[in-house]
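Protein chains in written order, with my numbering: chain D, 1 to 223; chain V, 1 to 223; chain X, 1 to 239; chain S, 1 to 221; chain C, 1 to 221. For every residue, glycine included, the Cβ atom is placed at its ideal position computed from N, Cα and C. One structure below.
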Ligand code: HEM
Ligand SMILES: Nc1ncnc2c1ncn2[C@@H]1O[C@H](COP(=O)(O)OP(=O)(O)OP(=O)(O)O)[C@@H](O)[C@H]1O
Ligand SMILES: Nc1ncnc2c1ncn2[C@@H]1O[C@H](COP(=O)(O)OP(=O)(O)OP(=O)(O)O)[C@@H](O)[C@H]1O
Ligand SMILES: [Mg+2]
Ligand SMILES: [Mg+2]
């Protein structure tokens with residue numbers, strides 16, 4: 001936590017993604033630099049989650065390029081993975097491990113320091129739950145563990161899929177603080193959201209704008 | 001949909017619930033009549049989900065009584081189940097069945113009419129997705145199917161656990177409309193929530209108030 | 001290479017090949033079957049039952065060959081992501097399973113008079129049965145996913161991994177002493193008489209061309225099915 | 001009754017959708033027997049002596065493998081919560097799902113069994129006994145299996161735990177099933193194994209739905 | 001390397017937490033073999049003849065049962081997504097999880113095998129061969145199993161489908177494993193089966209982590 005990051009640029013050009021044989025979006029461009037945030041908007045099913053997974057290198061793009069400082073991220077996916085942190089709809093909390101053990105495992109895999117764990121636990125008011133097994137956590141508590149994992153692992157790019165779901169008010173403002181600090185330190189945040197205003201300074205990208213194009217491109221290739 | 005319900009009262013007295021050997025809350029009372037709504041509030045982990053599952057007869061209460069028009073609901077759990085609809089953190093949408101088939105199955109089990117399916121689909125703008133398999137739905141679309149199931153099955157008591165999560169703006173106002181109509185028809189709604197104001201007229205119950213009691217009771221029984 | 005990867009261009013070639021393959025297959029059957037079943041000499045040991053060989057042996061060879069085709073096209077699909085290669089593999093699987101099944105059935109029919117039993121758990125027979133199961137596994141895996149592309153890729157990988165079984169089928173007779181005949185095709189040429197070799201080769205040709213012809217038909221169907229899937233999906237999702 | 005039919009219909013529909021599920025149980029059954037033959041080697045007289053045992057054991061393992069998912073998928077996606085709230089008797093839910101399981105796997109096993117038995121040279125006089133014993137035995141396997149599957153819901157090691165629970169319960173069925181076939185091979189006309197198999201079936205039919213219902217109630221708690 | 005050790009450590013920790021997982025594989029192995037003995041009946045010489053086949057087949061089925069969950073739990077709770085993004089080579093992830101699987105189940109099988117063999121009256125001169133062949137063979141089973149388990153992630157019928165895929169791939173290991181024991185029973189000193197088992201192990205060790213990695217990439221897509 002509280003890493004300071006060098007200047008960097010993450011961008012996508014002419015991205016399109018096909019799921020189950022159907023184009024979800026096409027011709028999508030975005031760009032984000034250190035210290036900037038991008039909020040993905042769009043109605044349910046417009047492709048926010050798909051775009052986040054594509055940015056992470058999890059989903060397979062159908063066309064376009066995704067670059068980090070100008071270099072194609074698909075040339076070295078493990079490297080790209082190591083500079084980002086992703087929190088999706090699933091929390092990746094092991095029921096049999098305690099909260100601290102869960103975080104320690106990720107610190108271990110990433111090689112981040114163990115003192116970061118305590119800071120992250122504190123930031124999301126999880127300290128008193130640290131020794132409880134993941135199994136007994138409530139939905140919001142589990143989600144906060146996932147956010148603590150993101151905060152802790154020293155990645156410059158944070159990809160968050162509707163991070164405010166299930167959070168209570170205290171957790172919301174904690175998240176806001178953590179995000180702002182990350183941006184100040186030169187981090188980047190891309191976040192799907194339905195209306196909250198955690199990051200007033202963020203640029204927005206309405207994914208809906210690329211659906212229409214997607215349909216047209218689909219029809220052309222079918223012809 | 002649009003059933004009109006007779007007057008009824010659902011109440012709980014001195015409820016306490018123990019999960020994994022720990023009291024989650026104790027001494028909790030609530031009461032709700034036809035046409036009324038109750039919003040459960042409280043920070044993450046305070047016991048909202050637990051209370052909803054207890055009201056549904058899914059979780060096992062440690063003490064207290066839960067009554068419907070004065071009769072203990074635990075005397076006939078299947079009957080109690082048939083007069084309520086529950087939407088929890090899980091959506092119960094089968095990936096291999098289409099949206100319509102998913103709803104048709106529940107209509108079939110409940111014996112509700114098939115025209116209600118179309119109305120519910122329309123209410124949550126799912127009509128154009130009706131023939132898509134559940135697997136391809138986005139998080140918000142899947143959640144809307146779960147809400148459509150609730151709206152459709154003709155139950156008087158609706159138990160909704162953070163129903164606004166993952167919904168886009170259009171779906172939020174659709175949900176608001178459906179809830180208001182249900183209340184006007186004599187339905188009851190109990191809903192866990194972190195801050196939205198879908199039902200301004202609702203009574204609120206802050207679950208946090210019963211945690212302290214729970215801890216004390218826990219300590220006493222330990223002593 | 002990339003030209004072939006274009007479905008439209010590929011289907012043009014396939015459609016051009018089709019009448020030739022179908023014609024040659026029919027021709028080989030018309031010429032080969034009468035020789036194999038009527039005019040070729042009976043075996044001095046096995047008598048008339050030897051005629052089963054003209055179906056059994058080509059079917060056995062095709063069973064392995066089609067699997068090899070499947071494995072090779074799966075590799076192309078995984079490495080260069082050419083969908084056409086995968087569609088070839090996918091379309092081949094049921095045909096290969098059919099040949100393998102035919103080999104098993106004719107083998108059993110042959111075994112009854114020759115060995116006095118329908119089935120023994122001998123190495124070659126069992127390895128052929130396992131090849132049959134590999135085909136079934138490939139088909140099942142391809143269909144087991146909600147997402148078609150996911151099934152395609154999983155099945156392709158399985159086809160590759162499963163190809164380690166091919167040498168076992170072939171060399172099983174050499175590794176274990178078994179009831180089953182050993183190879184008629186060896187370094188020295190054929191170990192059976194020419195009167196038997198000719199109809200055998202004709203039948204092999206007939207089976208080969210049959211495979212190509214049916215493959216083209218199945219390719220057309222697979223490509224159409226893919227188009228229909230997309231169209232239906234778009235229709236449903238746009239309303 | 002209405003929900004019973006609805007659940008049965010849906011489960012069969014899901015089985016048909018997931019094409020080849022029946023095929024897969026049959027496939028496993030046949031492959032396990034094949035492997036066994038490989039492991040034991042090709043001496044025909046050893047095999048003929050073993051055939052009834054092999055067929056029965058493999059049928060049992062095949063049934064076992066397909067059991068784990070009987071409730072697990074419904075549990076994980078929240079469907080089980082909903083079924084418990086549907087107003088249906090939990091025992092009816094268990095019975096409907098058990099029947100669907102038997103119709104998709106038990107029947108498949110019945111169809112595959114003669115082929116596997118043939119490959120192990122089961123004497124021809126014993127086929128009737130094999131089929132009859134499987135017909136009486138496999139529903140009991142599905143019923144006991146439903147209880148086991150409900151019990152391990154939410155546990156960490158479903159598959160292996162389930163086997164461990166069920167194999168002892170399955171042993172009486174196995175013993176008498178194999179005994180019936182054995183009797184037919186040796187030409188001893190005996191009705192005892194059938195009577196026991198029938199008795200076990202009736203016992204399972206009366207007890208298992210209730211036990212399964214209790215287990216389901218605990219699972220959703 | 002760091003992530004390899006971290007994943008291995010965590011998987012072993014989870015195995016220890018879920019106490020008795022090793023015990024369960026052993027339990028399944030023993031019970032399945034017992035059932036088999038029940039099914040076949042008590043003629044000692046039949047059993048002695050079959051012992052190598054039974055031990056190997058049951059070991060294989062036990063390994064198979066425990067495989068399904070190798071990646072499934074991580075897949076369902078989102079851990080697999082995170083592992084793919086952890087900066088580790090996917091092949092290292094596969095290798096770490098395979099090693100953990102082998103340490104918890106393969107080793108358990110090795111320990112249980114002599115007892116089961118004893119109950120089937122395996123001739124005493126064959127125990128060395130049994131252990132050596134299992135030692136060479138079970139890692140291959142885990143490696144091939146990892147590829148299979150990764151392939152069926154997200155499919156509809158994990159368990160049975162996995163068996164259908166793996167049993168054919170397992171057959172060479174089974175054949176040569178049983179052949180080694182057979183050789184020892186008959187007193188034929190032969191190194192071929194061991195050479196083949198060793199060769200298969202090396203082949204699997206070089207290919208399976210990569211194949212598994214490709215399968216995992218596809219699974220998270
Ligand atoms: C179900 C039983 C049988 C099966 C599964 C089977 C399988 C096979 C296979 C896989 C081959 C091709 C081997 C290769 O790749 O080179 C083959 C070839 C052959 N089979 Fe069979 N067979 C069976 C029964 C029989 C019987 C009963 C006979 C005759 C007694 C027989 C005679 C032959 C001959 C002569 C060949 C050609 C030899 C060669 O080129 O390898 N088969 N069989
Ligand atoms: N199986 C369990 N064993 C022990 N404690 C549990 C178990 N399940 C939940 N708890 C505890 O019960 C408390 C209440 O959980 P519950 O899910 O009801 O909270 P909630 O109010 O719904 O929270 P959220 O807003 O995060 O959804 C939590 O503190 C949790 O740690
Ligand atoms: N496996 C799949 N096959 C086909 N289409 C899919 C698949 N998964 C998702 N889709 C489609 O892709 C679209 C985008 O889904 P995505 O999950 O990215 O939406 P989203 O913007 O995150 O929505 P939400 O706000 O509901 O989370 C949806 O319309 C969905 O129907
Ligand atoms: Mg989403
Ligand atoms: Mg909750």
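Locate the beta strand (DSSP E) running through residue i, then write down its first and last residues.
i, result
"residue 74 of chain X", "Unbroken run through residue 74 of chain X is the alpha helix (DSSP H), 53-80; no beta strand (DSSP E)."
"residue 206 of chain V", "203-206"
"residue 18 of chain C", "Looking at the DSSP string, residue 18 of chain C is not in any beta strand (DSSP E), and its letter there is neither H nor E."
"residue 16 of chain D", "9-19"
"residue 156 of chain C", "Looking at the DSSP string, residue 156 of chain C is not in any beta strand (DSSP E), and its letter there is neither H nor E."
"residue 161 of chain D", "157-161"
"residue 84 of chain V", "84-87"
Write down the C-beta distance between residue i and residue j rounded to the nearest angstrom, noting that I regard them as a contact closer than 8 Å.
i, j, result
"residue 64 of chain V", "residue 16 of chain V", "6 Å"
"residue 124 of chain D", "residue 87 of chain D", "In fact, because the Cβ distance is near 12 Å, the residues do not count as touching under 8 Å."
"residue 28 of chain V", "residue 159 of chain V", "No, residue 28 of chain V and residue 159 of chain V are not in contact; Cβ-Cβ is about 15 Å, not under 8 Å."
"residue 81 of chain D", "residue 87 of chain C", "5 Å"
"residue 144 of chain S", "residue 204 of chain S", "6 Å"
"residue 165 of chain D", "residue 182 of chain D", "Not quite, the Cβ-Cβ distance comes to about 19 Å (not below 8 Å), so this is no contact."
"residue 99 of chain D", "residue 132 of chain D", "6 Å"
Does ligand 7 have a heavy atom nearer than 8 Å to the CB of residue i?
i, result
"residue 64 of chain X", "Looking at this structure, you won't find ligand 7 anywhere; what it does contain is ligand 1, ligand 2, ligand 3, ligand 4 and ligand 5."
What residue range does the alpha helix (DSSP H) around residue i cover?
i, result
"residue 193 of chain D", "Where residue 193 of chain D is concerned, there is no enclosing alpha helix (DSSP H), given that its DSSP letter is neither H nor E."
"residue 108 of chain D", "99-110"
"residue 65 of chain V", "Unbroken run through residue 65 of chain V is the beta strand (DSSP E), 63-68; no alpha helix (DSSP H)."
"residue 188 of chain S", "Premise fails: residue 188 of chain S is in no alpha helix (DSSP H) and is neither H nor E."
"residue 33 of chain D", "Counting along the chain, residue 33 of chain D falls outside any alpha helix (DSSP H), though it belongs to the beta strand (DSSP E) covering 22-33."
"residue 150 of chain V", "139-152"
* Asked: Is there contact between the segment 106-113 of chain D and the segment 146-165 of chain D, where contact requires at least three CB pairs shorter than 8 Å?
  -> yes
* Which residues have their C-beta within less than 5 Å of a heavy atom of ligand 3, listed in chain order? -> D:19, D:20, D:24, D:44, D:45, D:46, D:47, D:48, D:49, D:50, V:136, V:138, V:139, V:140, X:147
* Listed from N- to C-terminal order along the chain, which residues in the segment 32-48 of chain X have their beta-carbon within a distance smaller than 9 Å of any beta-carbon of chain D? -> none
* **Members of the segment 129-146 of chain X near chain V, C-beta cut-off 8 Å** => 146
* **Proximal residues, the segment 102-121 of chain S versus chain X, C-beta separation under 9 Å** => 118, 119, 120, 121
* To do: Quick one: which residues of the segment 73-85 of chain C get their C-beta closer than 7 Å to a C-beta of chain D? List them in chain order.
  => 77, 78, 79, 81, 82, 84, 85
* Asked: Contact between the segment 16-25 of chain V and the segment 167-183 of chain V: three or more CB pairs below 8 Å?
  -> no
* **Cβ-based contacts, 8 Å cut-off: residues of the segment 130-141 of chain D near chain C** => none
* **Near-chain X residues of the segment 81-104 of chain V (beta-carbon distance less than 8 Å), N- to C-terminal order** => 95, 96
* To do: May I ask you to verify whether the segment 5-13 of chain D touches the segment 181-191 of chain D, counting CB pairs closer than 8 Å and requiring at least 3?
  => yes
* To do: Pull out every residue of the segment 53-66 of chain V whose Cβ sits closer than 7 Å to any Cβ of chain S, in chain order.
  => 56, 58, 59, 60
* Does the segment 64-76 of chain S come within contact of the segment 209-224 of chain X, defined as at least 3 CB pairs closer than 8 Å? -> no
* Are at least three pairs of beta-carbons, each pair with one atom in the segment 115-133 of chain D and one in the segment 120-130 of chain C, less than 8 Å apart? -> no
* Listed in chain order, which residues of the segment 169-189 of chain C have Cβ atoms closer than 9 Å to some Cβ of chain S? -> 170, 171, 174, 175, 177, 178, 179, 182
* Identify each residue in the segment 89-114 of chain X for which the Cβ-Cβ distance to at least one residue of chain C is less than 9 Å, and report them in chain order. => none
* To do: Could you list the residues in the segment 23-34 of chain C with a C-beta less than 7 Å from some C-beta on chain S, going in chain order?
  => 24, 25, 27, 28, 31, 32
* To do: Kindly confirm or deny that the segment 200-216 of chain X and the segment 80-100 of chain X touch, where touching means at least three C-beta pairs closer than 8 Å.
  => yes
* Asked: Is it a yes or a no for the segment 163-181 of chain C touching the segment 131-144 of chain C, going by three-plus beta-carbon pairs under 8 Å?
  -> yes
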